[in-house]
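Please read the structure below before turning to the comments.
Residue numbers (UniProt numbering): 1 to 235.
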């Protein structure tokens, strides 16, 4: 508890320092953005850089627990997360609520079907990131809620490599549908999962209270209005 108070106090001091710097025009052109992955995320920063070339964007790839800590300490201005951030009252805006589908090689038993039930996933060789990533948290929750156990045949730190491993016929995986439009090597077969919980909610968050620096406010607004439903196609 004491650590949380200290982090918030230091964060307030840093926010004050940046506000003063902004007011006098010194060091006002930097915004710090965190995300669990930057796959399919290049569009908003690139478009922002074109319209605000004087603003420098610092990108930080962080697990969700570290995002929460850094938001609290104001070490980052904004965070894009695919799972809840357990920190005291972060402000947020929902960017995307999308289906997560079963990706699998052609010829795999469920291939060619429109959808499968969660129970039918039991025993399938699942490729997933290590615990802590949302693509691992999702199957764990789906299975645990039904008293089932996942069969993980490959786990690692590179969530973006899952689609390629599936294409190589090493297993199946739960992949957000945005991946079908934004990554170059997509798995050849897809099936929906018959569960309302098999979804990903992408949220933009920032620390509650205080005042975001002007560059952070500009990037926040740009990310919020980006065409996420079109797969990051802009707009």
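The C-beta atom is built at its ideal place from N, Cα and C for all residues, glycine as well.
Keep in mind it's a predicted model, so treat the numbers as computed, not measured.
Which of helix, strand or coil DSSP assigns to residue i
i	result
residue 222	helix
residue 61	strand
residue 154	strand
residue 217	helix
residue 72	helix
residue 129	strand
residue 10	Caution is warranted here: a pLDDT of 44 is assigned to residue 10, below 50, making its placement in the model unreliable, and no coordinate value can be reported.
residue 196	coil
residue 212	coil
residue 109	coil
residue 160	helix
residue 136	helix
residue 26	A caution first: residue 26 carries a pLDDT of 45, below 50, which makes its placement in the model unreliable, though a value can still be read off. Correct three-state label for residue 26: coil.
residue 44	helix
residue 92	strand
residue 146	coil
residue 167	helix
residue 118	helix
residue 81	strand
residue 189	strand
Closest by C-alpha distance to residue i, when choosing among the options
i	options	result
residue 56	228, 216, 225	216
residue 49	228, 227, 219	219
residue 121	83, 160, 171	171
residue 247	100, 190, 222, 60	Residue numbering for the chain in the displayed model covers 1 to 235; residue 247 lies beyond these limits and cannot be assessed.
residue 99	135, 206, 153	135
residue 140	168, 214, 173	173
residue 211	59, 78, 159, 123	78
residue 54	175, 30, 205	30
residue 229	46, 94, 75	94
residue 52	224, 225, 214	214
residue 150	168, 164, 130, 226	130
residue 59	76, 71, 92, 118	76
residue 119	138, 125, 113, 146	146
residue 162	197, 126, 34	126
residue 224	113, 38, 96, 68	96
Cβ separation of residue i and residue j, assumed to be a contact under 8 Å, to the nearest whole Å
i	j	result
residue 65	residue 166	At roughly 27 Å, the Cβ-Cβ gap does not stay under 8 Å, so residue 65 and residue 166 are not in contact.
residue 42	residue 62	With 8 Å as the limit, residue 42 and residue 62 do not qualify as a contact, their Cβ atoms being about 18 Å apart.
residue 195	residue 142	6 Å
residue 193	residue 101	7 Å
residue 179	residue 155	With a Cβ gap of about 18 Å, residue 179 and residue 155 do not count as contacting.
residue 111	residue 133	Actually they are not in contact, since the Cβ atoms of residue 111 and residue 133 sit about 25 Å apart, beyond 8 Å.
residue 205	residue 81	6 Å
residue 44	residue 222	6 Å
residue 34	residue 70	6 Å
residue 138	residue 198	7 Å
Beta-ladder partner(s) of residue i, from DSSP
i	result
residue 247	Here the chain has residues from 1 to 235 only, and residue 247 is not among them.
residue 172	126
residue 31	57
residue 228	DSSP output for residue 228 lists no bridge partner at all.
residue 205	79, 92
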